[in-house]
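Chemist: Position in the sequence shown (first residue = 1) + 2 = the numbering used here. Quick reminder that beta carbons are idealized off the backbone N, C-alpha and C, glycines included.
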Amino acid sequence: MRLLKTVASIFSIILIFSTTITAKETNSTKSADKNVSSAKKSKQEEYPKFTLKDVNGNSYEIQAVKWGLTFPSLKDKKAVAVLMFGEHCPPCLKEIPNLVEVKNKYKKEFEILALQVQDKVDKKSLEKLIKEHKINYPIIQGRKFMDFIYYFAKKSGWLGSVPYILIFDKEGHVRFSNLGYTDKEALEQGVKEALKTQTKK
3 MRLLKTVASI FSIILIFSTT ITAKETNSTK SADKNVSSAK KSKQEEYPKF
53 TLKDVNGNSY EIQAVKWGLT FPSLKDKKAV AVLMFGEHCP PCLKEIPNLV
103 EVKNKYKKEF EILALQVQDK VDKKSLEKLI KEHKINYPII QGRKFMDFIY
153 YFAKKSGWLG SVPYILIFDK EGHVRFSNLG YTDKEALEQG VKEALKTQTK
203 K
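Next up, the structure:
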């Protein structure tokens with residue numbers, strides 16, 4: 003199966019999640035309330051919240067923020083990776099053992115949300131993939147959540163090449179990004195970078 007097209011750039015390490023929302027001043031209380039309501043709505047549209055479900059039916063909330071993404075339903079985790087992958091992508095399959103090993107090592111502090119984004123891959127295929135590779139992190143049918151995929155692509159400059167991984171710290175900042183195969187050492191270093199920001203506070 004043909005892989006998704008090549009990415010133009012990798013996030014510039016910090017996501018381009020920046021915009022300013024202002025409301026016009028008015029003389030009347032009614033107009034002011036209307037403007038406040040409008041500003042709140044605009045902010046919600048600019049920094050939306052998404053709910054993704056994995057193949058087992060578990061839900062994961064993702065909240066967009068000015069500088070990246072946070073994960074309200076994973077409050078106990080200090081680092082979260084968002085991985086775009088394809089079942090028919092050789093480097094994606096090659097790096098699974100690395101992901102499994104690093105996730106197992108840092109399971110109390112680290113989670114991976116893996117979105118399968120290639121065409122014509124059903125739930126049954128993914129369940130088989132999980133079993134065969136003993137995957138210990140959530141697998142999500144990404145194409146069922148295209149609103150998140152489009153937002154992610156728009157803000158990151160991602161054009162669809164897989165595998166592509168970003169690791170966020172607790173505050174939602176990107177601490178590691180990689181396009182293509184990620185070896186175990188690089189992945190673990192990325193996790194450590196995200197966790198390190200917590201110990202500095």
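(1) Of the choices K136, V67, E63, whose alpha-carbon is the least far from that of V102?
(2) For my contact list, E89 and L128 are in at a C-beta cut-off of 8 Å; report their separation, rounded to the angstrom.
(3) Hey, would you say V84 sits closer than 8 Å to L115, going by beta carbons?
(4) What does the Cβ neighbour count give for G192, buried or exposed, with the cut at 16 atoms within 10 Å?
(5) Is it right to say L168 is buried, meaning 16 or more other beta carbons lie within 10 angstroms of its own, or is it exposed?
(6) From which residue to which residue does the alpha helix (DSSP H) around V82 run?
(7) Taking the alpha carbon of N138 as the point to measure from, which residue in K105, V67, V57, L197 has its own alpha carbon closest?
(8) Find the nearest neighbour of V57 within the set F73, I132, Y152, judged by alpha-carbon distance.
(9) Using DSSP with H/G/I as helix, E/B as strand and the rest coil, what is V164?
Modeler: Here's the rundown:
(1) The count along the sequence shown starts at 1 and reaches residue 102 at position 100. Closest option to V102, Cα to Cα, is K136.
(2) The sequence position of residue 89 within the sequence shown is 87, counting from 1. The sequence position of residue 128 within the sequence shown is 126, counting from 1. About 7 Å; that satisfies the 8 Å criterion.
(3) By one-based count along the sequence shown, residue 84 stands at place 82. By one-based count along the sequence shown, residue 115 stands at place 113. In this structure, V84 lies near L115, with their beta-carbon atoms less than 8 Å apart.
(4) Position 190 of the sequence shown, counting from 1, holds the residue named residue 192. Burial call: buried.
(5) The residue labelled residue 168 in the question sits at position 166 within the sequence shown. When all chains shown are included, L168 counts as buried.
(6) Counted from its first residue, the sequence shown places residue 82 at position 80. Not the alpha helix (DSSP H): V82 falls in the beta strand (DSSP E), residues 81-87.
(7) Residue mapping note: residue 138 aligns to position 136 of the sequence shown, counting from 1. Closest by C-alpha distance to N138, out of K105, V67, V57, L197, is K105.
(8) As a working mapping, residue 57 is identified with position 55 in the sequence shown. Looking only at F73, I132, Y152, the smallest Cα-Cα distance to V57 is reached by I132.
(9) Counted from its first residue, the sequence shown places residue 164 at position 162. V164: coil per DSSP, three-state reduction.
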